Amino acid sequence: MAEAAYETLPELETEERPGSAGTVVMKFGGTSVADPEKIRRVASRLVGARRSGARVVGVVSAMGYHTDELVALAHKVSPRPKPRELDMLISVGERVSCALVAMAIADLGTDAISLTGSQAGIVTDTAHGRAKIVEVKAHRIHRALDEDRIVLVAGFQGVSTEYDITTLGRGGSDTTAVALAGALGADACEIYTDVDGVFTADPRLVPEARKLHAVSYEEMLELAASGARVLQLRSVEFARNHGVKLHVRSTFTDEPGTWIREEDERMLEKALISGVTHTVEEAVYEVEGVAPAELFESLATAEVNVDTVIQMDSRIVFSAPLEDRPHAEQALAALGARWSEQHGLGKVSVVGAGMKSHPGVAARTFATVRGLGVEPRFVATSPIKIAFYLPHEEVDRTVRALHEAFELGSAEAERQHA
Ligand code: ADP
Ligand code: ASP
Ligand code: MG
Numbered sequence: 001m002a003e004a005a006y007e008t009l010p011e012l013e014t015e016e017r018p019g020s021a022g023t024v025v026m027k028f029g030g031t032s033v034a035d036p037e038k039i040r041r042v043a044s045r046l047v048g049a050r051r052s053g054a055r056v057v058g059v060v061s062a063m064g065y066h067t068d069e070l071v072a073l074a075h076k077v078s079p080r081p082k083p084r085e086l087d088m089l090i091s092v093g094e095r096v097s098c099a100l101v102a103m104a105i106a107d108l109g110t111d112a113i114s115l116t117g118s119q120a121g122i123v124t125d126t127a128h129g130r131a132k133i134v135e136v137k138a139h140r141i142h143r144a145l146d147e148d149r150i151v152l153v154a155g156f157q158g159v160s161t162e163y164d165i166t167t168l169g170r171g172g173s174d175t176t177a178v179a180l181a182g183a184l185g186a187d188a189c190e191i192y193t194d195v196d197g198v199f200t201a202d203p204r205l206v207p208e209a210r211k212l213h214a215v216s217y218e219e220m221l222e223l224a225a226s227g228a229r230v231l232q233l234r235s236v237e238f239a240r241n242h243g244v245k246l247h248v249r250s251t252f253t254d255e256p257g258t259w260i261r262e263e264d265e266r267m268l269e270k271a272l273i274s275g276v277t278h279t280v281e282e283a284v285y286e287v288e289g290v291a292p293a294e295l296f297e298s299l300a301t302a303e304v305n306v307d308t309v310i311q312m313d314s315r316i317v318f319s320a321p322l323e324d325r326p327h328a329e330q331a332l333a334a335l336g337a338r339w340s341e342q343h344g345l346g347k348v349s350v351v352g353a354g355m356k357s358h359p360g361v362a363a364r365t366f367a368t369v370r371g372l373g374v375e376p377r378f379v380a381t382s383p384i385k386i387a388f389y390l391p392h393e394e395v396d397r398t399v400r401a402l403h404e405a406f407e408l409g410s411a412e413a414e415r416q417h418a
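Right, dumping it as structure tokens:
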């Protein structure tokens, strides 16, 4: 069993500029800009922040399901669209919403400029569909901010070192926002979304779930890696590596949301379990007849991020992110090994920093799963996570039962500090 290994990220060259304090990066997700009325509301929120004196950078996602529609359109035209062309297409959604927000801001009497990721100086590697940011050349943004404008940046995209348009993986606008906050030395990165913060479980599945007031980077990494899609995993890695404080909060209210920052003692006191996360689909592969070193070497060359690994005699079972599936399949086919994919599996994970110091979490977790009569296919652990791979029709009730077993619906779970 292996722990999820997080990618190391390149050092960001932050332009040293005096007086850039007071900068705030505000990111709005797809639901928050889903129609013209919502776009106008986002515009007035950005203008409000500007009027209170901050230098404001807005990052927006594509409207509603626009990205999904563009992906579906590509597949109607071509069964296997070329990754470069797919990125040209799906990066368009963010360009639409960011131009619209800039127009709405102008109507409120404030100057604004919209920029594509490329114009904003977001430089990535060449891995289409899941590119990593290697550099942020922020001078154009600084210039526009100095001219007293609100700067809108199209999320989810950049320009590669080969001058092609790239995208950063699904949910990638979060990473755009965090990278900009890091490069601009912003006070905080505010992630505005359709829920009030990070909850003890997906509030759409568990209505009693509680909003967490503070979460450490380490816990948020595990939560994001195991399915809490409210933040893209890579954005949390970036925030931790560059010390960017994140505030996840609602677009539709002024209530404070969840702060993600360095662990402190008060957090630890109340941090037995921070949440129960889930995914409904996992890519799990079973391979036979190839040496592990050789297998993982070819998966690494194909840039597949292997998550969980289990070896039983000559069989190896491993999981990898869904978006790496085409690369994993190619690498496995090229090895000439016997392999198959296990379909129909989801994953339920219990995450919490307090697991390290409180015995009994594993006992309670396994007893709860057994009490449900659920048979996990396999189990993976890290010092702060226990994850069950199980048939996806069992996912919902397992999440609810574990949430209840750890009393995460109680006020105690919130970590509210007086
Ligand atoms: P956006 O479009 O704003 O980026 P996302 O759909 O990517 O929003 O992420 C927000 C969604 O994440 C919520 O609507 C919620 O259903 C889901 N979610 C899953 N787990 C959690 C969790 N633990 N806390 C909060 N939201 C969660
Ligand atoms: N629009 C992109 C997506 O749907 C990026 C994002 O929303 O962050 O994945
Ligand atoms: Mg998102």
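Letter 382 of the sequence shown, counting from 1, is numbered 382 in this note's numbering, and no numbers are missing.
All C-beta atoms in this analysis are idealised placements derived from N, C-alpha and C, irrespective of residue type, glycine included.
The model shown is predicted, which means the values in this text are computed figures rather than measured ones.
Quiz item: Ala-401 to Val-317, Cα distance in whole Å?
Solution: 27 Å
Practice problem: Using only the heavy atoms of the ligand ASP, determine whether one of them is closer than 6 Å to the beta carbon of Arg-170. | Solution: Here the distance from the Cβ of Arg-170 to the nearest heavy atom of the ligand ASP is below 6 Å.
Self-check item: Residues that DSSP places opposite Ser-61 in a beta bridge
Solution: Looking at the DSSP assignment, Ser-61 forms no beta bridge with any residue, so it has no partner.
Quiz item: Taking 6 Å as the line, does the beta carbon of Val-230 fall inside it for any heavy atom of the ligand ADP?
Solution: Under cutoff, so the answer is yes.
Quiz item: Considering only the beta carbon of each residue, do Ser-118 and Cys-98 sit closer than 7 Å?
Solution: No.
Exercise. Classify Arg-338 as helix, strand or coil using the three-state DSSP reduction.
Key: strand
Quiz prompt | Spatial neighbours of Gly-29 in its chain, beta-carbon cut-off 6 Å, leaving aside the 5 residues before and after | solution = Ser-61, Thr-193.
Self-check item: CA-to-CA distance, Gln-311 to Ala-2, given in whole angstroms
Solution: Confidence at Ala-2 is low in this model, with a pLDDT of 39, below 50, so its placement is unreliable and the value that follows should be read with caution. Roughly 10 Å between the two C-alpha positions.
Quiz prompt | Pro-420 - containing beta strand (DSSP E), residue span | solution = The chain is shown only over 1 to 418; residue 420 falls outside these bounds and no answer can be derived.
Quiz item: How is the beta strand (DSSP E) around Ser-410 delimited, first residue to last?
Solution: No beta strand (DSSP E) contains Ser-410, which DSSP labels as neither H nor E.
Self-check item: Residue nearest to Met-495 in terms of C-alpha spacing, selected from Ala-74, Val-101, Leu-100
Solution: Since the displayed the chain opens at 1 and closes at 418, residue 495 lies outside it and no answer follows.
Practice problem: Mind listing, in chain order, the continuous beta strand (DSSP E) runs of no fewer than 3 residues lying wholly within the segment 230-272? | Solution: 246-250, 258-261
Quiz prompt | Contact check, Thr-166 vs Ala-138, beta carbons under 7 Å | solution = no
Quiz prompt | Through-space distance from Trp-339 to Gly-182, alpha-carbon basis | solution = One alpha carbon belongs to Gly-182, the other to Trp-339, and they sit about 42 Å apart.
Practice problem: Compute the minimum distance between the beta carbon of Gly-257 and the heavy atoms of the ligand MG, and state whether it is under 6 Å. | Solution: no
Self-check item: Length at least 4, wholly inside the segment 144-223: the alpha helix (DSSP H) runs in chain order
Solution: 173-184
Practice problem: Counting only runs of 3+ residues fully inside the segment 309-381, write out the beta strand (DSSP E) ranges in chain order. | Solution: Inside the segment 309-381, DSSP marks whole beta strand (DSSP E) runs of 3 or more residues at positions 309-312, 315-320, 338-342, 345-351, from first to last along the chain.
Quiz prompt | Residue of Pro-383, Gly-360, His-392 minimising C-alpha distance to Phe-406 | solution = Gly-360
Quiz item: Looking at the structure shown, is Gly-275 part of a helix, part of a strand, or coil, going by DSSP?
Solution: strand
Quiz item: Can you tell me whether DSSP reads Thr-67 as helix, strand or coil?
Solution: helix
Practice problem: Identify whether Lys-27 lies in helix, strand or coil by the three-state DSSP scheme. | Solution: Correct three-state label for Lys-27: strand.
Exercise. Would you check if the distance between the CB atom of Lys-211 and the CB atom of Asp-196 is smaller than 7 Å?
Key: yes
Quiz item: Under the DSSP definition of a beta bridge, which residues are partnered with Val-123?
Solution: Glu-135, Val-159
Self-check item: the segment 243-253 / the segment 285-304 touching (three or more Cβ pairs under 8 Å)
Solution: No, the segment 243-253 is not in contact with the segment 285-304.
Exercise. Output the distance between the C-alpha atoms of Val-71 and Thr-31, rounded to the nearest integer angstrom.
Key: 18 Å
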